[in-house]
Amino acid sequence: MEFPDRTNHKVVSQNDPIFYEVCELLELDSDQVDYLIYEDFDEVDYTMYEEVEENDSAEAWMPEHRVVEIYYLDGTREEIEIELDSELDETLKRLLGDI
20 MEFPDRTNHK
30 VVSQNDPIFY
40 EVCELLELDS
50 DQVDYLIYED
60 FDEVDYTMYE
70 EVEENDSAEA
80 WMPEHRVVEI
90 YYLDGTREEI
100 EIELDSELDE
110 TLKRLLGDI
């Protein structure tokens, strides 16, 4: 599943072998989830954003949280924020590195 208007993300759907493990890790009911979209910050250039230019800081702005979007089979959507470099974030990165 690809989303051409999005960059730097990973999609985990029911067809992926790690789908159930990711759902369990995020404490989601895998029977209700259609797919998840995971933000991948590794290749993002933050200088593109106006907030960065206005800040005029010597150091580059970096996000503090990663957003995982959950799309349910009933058509609803939810976002979960995960603190970057937390144990949960590191575990997700290890799992999703296999996609």
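62 is the number that the numbering used here gives to position 43 of the sequence shown; each next residue is one higher, with no gaps. The beta-carbon is built from N, C-alpha and C at its ideal position, and this holds for glycine as well. This structure is a prediction, so every number in the text was calculated from the model and none was measured.
What residues are listed by DSSP as bridge partners for R96?
In the sequence shown, residue 96 corresponds to position 77, counting from 1. Bridge partners of R96: Y90.
Exposed or buried, which one is V52 when buried takes at least 16 other CB atoms within 10 Å?
Here the question's residue 52 lines up with position 33 in the sequence shown. So V52 counts as buried.
With a CB to CB cut of under 6 Å and the five nearest residues on each side skipped, what residues in its chain are close to Y90?
Your numbering for residue 90 matches position 71 in the sequence shown. Closer than 6 Å at Cβ, skipping near neighbours: D53, Y54, R96.
For G116, the three-state DSSP class (helix, strand or coil):
As a working note, residue 116 is residue 97 in the sequence shown. Here G116 sits in coil by DSSP.
Assigned exposure category for R113 - 16 Cβ within 10 Å defines buried
Within the sequence shown, residue 113 is the residue found at index 94, counting from 1. Exposed.
Nearest residue (CA-CA) to D59, options D93, V86, E40
Position 40 of the sequence shown, counted from the first residue, corresponds to residue 59. When only C-alpha atoms are compared, the closest one is V86.
Going by the DSSP bridge assignment, what does E102 pair with across the sheet?
As a working mapping, residue 102 is identified with position 83 in the sequence shown. In the DSSP output, where bridge partners are listed per residue, E102 has H84.
Could you spell out where the beta strand (DSSP E) holding E58 opens and where it closes?
Translated into the one-based positions of the sequence shown, residue 58 becomes position 39. Looking at the DSSP string, the run of the beta strand (DSSP E) that includes E58 is 52–58.
In the DSSP output, which residue or residues are listed as bridge partners for S32?
Counting from one through the sequence shown, the residue named residue 32 turns up at place 13. In DSSP, S32 forms a bridge with Y54.
Answer with buried or exposed for L111, where buried requires no fewer than 16 other C-beta atoms within 10 angstroms of its C-beta.
On the sequence shown, position 92 is the one that residue 111 refers to. Label assigned to L111: buried.
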